[in-house]
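Participant: Once you've had a glance at the structure underneath, I'll fire off some questions.
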Amino acid sequence: MHTLSTFKKKLETFSPIPQSEFDTLVRKLGKPKVLEAREELRFEHGWPHRSYLVAEGWACTVKQLNNGSRQILDIAIAGDIIGARGMLLRNVNYCGQLLTPSIVYELSSRTIFDLLDSAPRLAAALMWSLSRDDAILIEHFISIGRRTAAERVLHFFLELKHRLQLIGKCNGNSYACPLSQGHIADALGLTPAHLNRVIRDLREDGILNVKDGTVEILDPVRAAALCGHDPRYLDHQPIGAEGRKRAGC
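Numbering (the numbering used here), first residue to last: 4 to 252.
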């Protein structure tokens with residue numbers, strides 16, 4: 004399978020992408036990089052800003068604090084772009100890190116702006132993807148600021164389920180998840196010990212099971228009700244011809 008097929012599948016949730024426009028992007032991206040877990044992805048200062056398209060694997064954006072702790076800002080899976088939020092900033096106050104062996108493409112801000120002229124439908128789909136990333140980030144802020152520990156955990160794993168379903172990497176209510184408890188704790192503002200207790204309690208209540216790199220939502224209806232998860236913010240329903248017309252596609 005072409006390493007960019009997952010990315011194209013995700014974008015076409017917004018609107019069909021003409022093959023000629025997608026071929027333009029492929030030419031501009033060049034060759035992918037095959038990297039190992041824990042490698043850092045640096046976003047260049049100044050112009051052109053560098054972001055990354057994750058073709059395969061898992062990554063995150065992270066802010067390292069002076070006291071040695073860190074906050075994982077968001078999790079990227081196959082088909083996601085990380086680092087693009089800072090494309091017009093002279094300095095970026097976070098970095099990227101690979102969580103698994105991954106295939107990534109460098110995506111410069113110059114390439115994104117060039118696509119506005121050469122591939123307008125693809126550019127519109129990219130803007131949709133970045134807008135969706137902001138919607139996800141807002142929910143993460145709400146989780147850390149207002150949701151209980153159990154609500155944070157359930158919302159996080161339900162969101163991942165819907166995101167993985169979109170790209171064909173979820174089997175019903177279960178999916179492979181390579182994140183360690185440390186990663187999840189740093190994303191949710193919890194200690195690993197607290198996270199472990201919450202996951203244990205949710206398993207005993209028959210709601211969620213996380214074991215050996217697999218997440219299973221045992222009772223998805225109850226899980227969604229307990230944390231108030233409404234997946235409409237992920238915007239996974241095709242917008243249709245009228246919506247594309249409003250978006251200028």
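We put the beta carbon where it would ideally sit given N, CA and C, even for glycine.
From a predicted model like this one, the values you see are computed outputs, not experimental measurements.
#1: Is the stretch 81-98 close to the stretch 18-31, with three or more CB pairs under 8 Å?
#2: Note the first and the last residue of the continuous beta strand (DSSP E) segment covering D77.
#3: Could you tell me which of L161, R206 and V213 sits nearest to R235, measuring between CA atoms?
#4: Is there contact between the stretch 166-181 and the stretch 112-131, where contact requires at least three CB pairs shorter than 8 Å?
#5: By Cβ distance, which residues of its chain are closer than 8 Å to P35, with the 5 residues on each side in sequence left out?
#6: Pick from S112, P181, K12 and A226: whose alpha carbon is nearest that of K214?
#7: Mind checking K164: buried by the 16 CB within 10 Å criterion, or exposed?
#8: If you draw a straight line from the C-alpha of L28 to the C-alpha of A127, how long is it?
#9: From the DSSP output, read off the bridge partner residues of T217.
#10: Bridge partners of C173, per DSSP?
#11: Using the C-alpha atoms, what's the distance from L229 back to L68?
#12: Under DSSP, the beta strand (DSSP E) around K36 begins and ends at which residues?
#13: Could you give the first and the last residue of the continuous beta strand (DSSP E) run that contains G99?
#14: Pop quiz: H232 and H158 are said to be a contact at Cβ under 8 Å. What is the actual Cβ separation, rounded to whole angstroms?
#15: Just the C-alpha distance for R73 and S18, rounded to the nearest angstrom, thanks.
#16: In chain order, what residues of the same chain lie with their CB nearer than 8 Å to the CB of I147, ignoring the 5 residues before and after it?
#17: Looking at the unbroken alpha helix (DSSP H) that takes in E142, where does it start and where does it end?
#18: Is R45 helix, strand or coil when you go by DSSP?
#19: Tell me which same chain residues have a C-beta within less than 6 Å of the C-beta of M130, skipping the five on either side of it?
#20: Can you list, in chain order, the residues of its chain whose CB lies under 7 Å from that of D222, leaving out five sequence neighbours each side?
Facilitator: In short:
#1: Taking 8 Å as the limit for Cβ pairs, the verdict is that the stretch 18-31 does not touch the stretch 81-98.
#2: Run containing D77: R73 to A79, per the beta strand (DSSP E) assignment.
#3: L161
#4: No, the stretch 166-181 is not in contact with the stretch 112-131.
#5: Excluding five sequence positions before and after P35, the CB atoms of its chain that fall closer than 8 Å to its own CB belong to T6, A58, I106, V107 and Y108, given in chain order.
#6: P181
#7: buried
#8: 13 Å
#9: A179 and K214
#10: BP columns for C173 are empty, so no partner.
#11: Cα-Cα distance, rounded: 32 Å.
#12: Element bounds for K36: K36 to L38.
#13: C98 to L101
#14: 5 Å
#15: A direct Cα-to-Cα measurement between R73 and S18 gives close to 37 Å.
#16: R155, L191 and G192
#17: In the DSSP assignment, E142 falls within the alpha helix (DSSP H) that extends over P123 to R149.
#18: coil
#19: none
#20: G209 and I210
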